[in-house]
Amino acid sequence: MFGLASIAIEEVIMRQFAPRPSLMLALLGSIVLLSSCATLSKQECLVGDWQAIGYNDGVAGYQSDRLASHAKACAKASVAPNYLAWERGRQLGLKQYCTTSNAYNIGRRGRQLNNVCPITLANTLQTANQKGLDYYTLDSQLDEDKRLIEAYQEEFDQLESGAMLDFANEKEARARLLSLADELRKAKRRMNTTQRQLEALNQSNNY
Numbered sequence: 217m218f219g220l221a222s223i224a225i226e227e228v229i230m231r232q233f234a235p236r237p238s239l240m241l242a243l244l245g246s247i248v249l250l251s252s253c254a255t256l257s258k259q260e261c262l263v264g265d266w267q268a269i270g271y272n273d274g275v276a277g278y279q280s281d282r283l284a285s286h287a288k289a290c291a292k293a294s295v296a297p298n299y300l301a302w303e304r305g306r307q308l309g310l311k312q313y314c315t316t317s318n319a320y321n322i323g324r325r326g327r328q329l330n331n332v333c334p335i336t337l338a339n340t341l342q343t344a345n346q347k348g349l350d351y352y353t354l355d356s357q358l359d360e361d362k363r364l365i366e367a368y369q370e371e372f373d374q375l376e377s378g379a380m381l382d383f384a385n386e387k388e389a390r391a392r393l394l395s396l397a398d399e400l401r402k403a404k405r406r407m408n409t410t411q412r413q414l415e416a417l418n419q420s421n422n423y
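In the working numbering, the protein residues as written are 217 to 423.
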């Protein structure tokens with residue numbers, strides 16, 4: 217009898233302290249995430265082409281504190297960064313980053329320019345970046361309007377064909393149909409306005 221009780225107790229304890237699948241998945245995910253956060257691979261650390269690494273960082277617009285992340289990534293390989301070579305490469309890369317065309321393209325992706333460029337270029341680059349951001353905002357609005365019009369039109373067509381959808385009665389469905397017609401007109405006007413603004417913005421920039 218006591219033997220059976222002991223076995224039962226052991227089973228309860230094992231279930232209580234056994235690793236849960238969700239916990240194991242979370243731990244594995246954390247390990248993968250931490251490894252993917254390393255700025256350099258072990259092979260890159262061992263090869264040690266620090267000028268090339270610095271150049272790539274400069275082209276990407278990284279600040280000088282980026283090197284600390286590389287040092288941490290390479291510590292396990294017992295490799296220390298070559299600061300002079302890295303910074304020399306980074307400065308070369310920044311010449312590619314700190315151009316008006318790049319500042320504009322960064323804005324078009326919805327991102328602001330990093331504060332890594334010479335102060336003498338700041339105003340010119342910020343103007344280009346802002347024009348890119350303006351384009352991004354308008355283009356995002358245009359995409360949203362297109363999706364909205366498509367959804368409105370689909371619902372409108374269904375109601376117009378006599379479908380009740382989720383409405384309790386024909387009166388409610390009819391009211392929604394009239395409301396949709398108004399919403400469609402507004403969305404189409406807004407889309408046309410946004411399209412004209414985008415075209416004007418394209419014609420006015422030199423990037």
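Virtual Cβ for every residue (Gly too), placed ideally from N, Cα, C. As the structure is a computational prediction, the values presented were derived from the model and not from experiment.
Taking C-beta atoms under 8 Å as the contact rule, Q413 and N330 fail to qualify, at a distance of about 27 Å. A Cβ-Cβ distance of about 4 Å is found for the pair C261 and V295, placing them in contact under the 8 Å criterion. In the same chain as D273, and ignoring 5 residues on each side of it, the C-beta atoms closer than 7 Å to its own belong to R282, R306, G309, in chain order. The Cβ-Cβ distance between G378 and Y352 does not fall below 8 Å. In the three-state reduction of the DSSP assignment, T315 falls in the coil class, being assigned neither a helical nor a strand state.
Here T336 carries a helix assignment [DSSP, helix/strand/coil]. The three-state reading of DSSP puts S377 in coil, since its state is none of H, G, I, E or B. Selection M407, S420, T315 evaluated against G277 yields T315 as nearest (Cα-Cα).
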